[in-house]
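Visitor: Just dropping this structure here.
Numbering (my numbering), first residue to last: -16 to 351.
What follows is the structure, encoded as structure tokens:
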């Protein structure tokens, strides 16, 4: 286990991608769950603050320390198991999302919770309950977490499998690996059904595992993750459509959303059923225009959409989208249609570039 204390060696661990800055006395790099146990037990005994750190790609300061030590998960980076038949994987928290996606791709497996920041760690996506463009169809990371190994701040180990331990009303009892029990009272908070990551996940009769997903490292350090995988789609239709007015773009999004919900309800294979549906307003396009000079000058809004298709349904689904684009006066002549994987990745980067540009702007003007 490595420990670094020289300030010139740990500067990168004092900020995240938003340029939020902090300070700490040391950075420790556990290489096993046992190392994490040792670190947390000592920190707990000595009353030392611990900030858990992934790959520092976040934008909300969650990994930025306020004194104490930083526990980096970057050495916990093994893919422990991929079960192709049962479609799950067991990984350590320091595995890069990009590496994981590349490894499962040849196996015809698919992991939808993609926050578009491919350099993030999988542990970070669980700790933040990350969402991304595909959340529109598949929901957040929470929906794909089947199991967790967690080391609590006391150094105790807790292993949770989805579907095994539930709260009784708002009372939750957890059994640690040592056999000791912890009894909790879940606050009866009202949690929105739609995308919401504010605070802890608290719900009547909830699955115990959901308390830790999205807890941002405040309840313990995740050391192993079991993830649900899907069979990869045969094809993905992907386009960025430009509109001359924001009203047209918004109306397009509204109808595409409603048509997608209808297709899911009716289990239709040939209707509009967006995988991703992302809106860019005029300010966003202006911010991106220097990096993407092929954005039409007359464009005041844009929508990036994706939909899973196959050889059987692709033509009909494409016709449905073209009809909807024409109905809402989309600029088909100057819009972007992905013809290959490189184009699709270009659209992913286009989406991600907005937040990166905003943070570059803030950093360059010392606004934070």
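Every residue, glycine too, gets a C-beta built ideally from N, C-alpha and C. Keep in mind the model is a prediction, meaning the values are calculated, not measured.
Would you kindly work out how many angstroms separate the C-alpha atoms of residue 191 and residue 125, rounded to a whole number?
Guide: On the chain shown, position 208 is the one that residue 191 refers to. On the chain shown, position 142 is the one that residue 125 refers to. Computed Cα separation, rounded: 12 Å.
Visitor: May I have the straight-line CA-CA distance separating residue 34 from residue 106, to the nearest angstrom?
Guide: For the purposes of this step, residue 34 is taken as residue 51 along the chain shown, with counting starting at 1. For the purposes of this step, residue 106 is taken as residue 123 along the chain shown, with counting starting at 1. Each residue's Cα considered, the two are about 14 Å apart.
Visitor: If you follow the beta strand (DSSP E) that residue 352 is part of, which residue opens it and which one closes it?
Guide: No answer is possible for residue 352: it lies beyond the span of the chain, which begins at -16 and ends at 351.
Visitor: In chain order, which continuous runs of the beta strand (DSSP E) of length 3 or greater are located wholly inside the region 184 to 217?
Guide: Complete beta strand (DSSP E) runs here, min 3: 204 to 211.
Visitor: Among 146, 232, 261, 93, whose alpha-carbon lies nearest the alpha-carbon of residue 310?
Guide: Walking along the chain shown from the start, residue 310 turns up at place 327. Here the closest residue by C-alpha is 232.
Visitor: Would you say residue 211 and residue 127 are within 7 Å of each other, going by their C-beta atoms?
Guide: Walking along the chain shown from the start, residue 211 turns up at place 228. Walking along the chain shown from the start, residue 127 turns up at place 144. Yes, Cβ-Cβ distance for residue 211 and residue 127 is below 7 Å.
Visitor: If you draw a straight line from the alpha carbon of residue 24 to that of residue 138, how long is it in whole angstroms?
Guide: For the purposes of this step, residue 24 is taken as the residue at position 41 of the chain shown. For the purposes of this step, residue 138 is taken as the residue at position 155 of the chain shown. So the two alpha carbons sit approximately 5 Å from each other.
Visitor: Please report how far the alpha carbon of residue 179 lies from the alpha carbon of residue 111, in whole angstroms.
Guide: Walking along the chain shown from the start, residue 179 turns up at place 196. Walking along the chain shown from the start, residue 111 turns up at place 128. C-alpha separation (whole angstroms): 11 Å.
Visitor: In three-state DSSP terms, what is residue 5?
Guide: For the purposes of this step, residue 5 is taken as the residue at position 22 of the chain shown. Coil.
Visitor: Under the rule that 16 or more other beta-carbon atoms within 10 Å means buried, what is residue 181, buried or exposed?
Guide: Here residue 181 corresponds to residue number 198 of the chain shown, with the count starting at 1. Under this definition residue 181 is an exposed residue.
Visitor: Since residue 265 contacts residue 229 with CB under 8 Å, what's their CB separation in whole angstroms?
Guide: For this step, residue 265 is matched to residue 282 along the chain shown. For this step, residue 229 is matched to residue 246 along the chain shown. Rounded, the Cβ-Cβ distance is 6 Å, consistent with contact.
Visitor: On the CB-based measure, 16 or more other CB atoms within 10 Å of its CB, does residue 173 come out buried or exposed?
Guide: For this step, residue 173 is matched to residue 190 along the chain shown. Exposed, because fewer than 16 other Cβ atoms sit within 10 Å of the Cβ of residue 173.
Visitor: To the nearest angstrom, how far is the alpha carbon of residue 239 from that of residue 255?
Guide: Counting from one through the chain shown, the residue named residue 239 turns up at place 256. Counting from one through the chain shown, the residue named residue 255 turns up at place 272. Roughly 7 Å separates the two Cα atoms.
Visitor: In whole angstroms, what separates the C-alpha of residue 352 from that of residue 100?
Guide: Residue 352 lies beyond the range of the chain shown here (-16 to 351); nothing can be said about it.
Visitor: Going by DSSP, what residue range makes up the alpha helix (DSSP H) through residue -8?
Guide: Within the chain shown, residue -8 is the residue found at index 9, counting from 1. Note, residue -8: alpha helix (DSSP H), -10 to -7.
Visitor: Short check: CB of residue 81 to CB of residue 342, under 7 Å?
Guide: By 1-based counting over the chain shown, the position of residue 81 is 98. By 1-based counting over the chain shown, the position of residue 342 is 359. In this structure, residue 342 does not lie closer than 7 Å to residue 81 by Cβ.
Visitor: Out of 52, 292, 250, state which residue places its alpha-carbon closest to the alpha-carbon of residue 30.
Guide: Residue 30 sits at position 47 when you count from the first residue of the chain shown. Closest by alpha carbon: 52.
Visitor: Taking C-beta to C-beta, are residue 159 and residue 167 nearer than 7 Å?
Guide: The sequence position of residue 159 within the chain shown is 176, counting from 1. The sequence position of residue 167 within the chain shown is 184, counting from 1. For residue 159 and residue 167, no; Cβs fall outside 7 Å.
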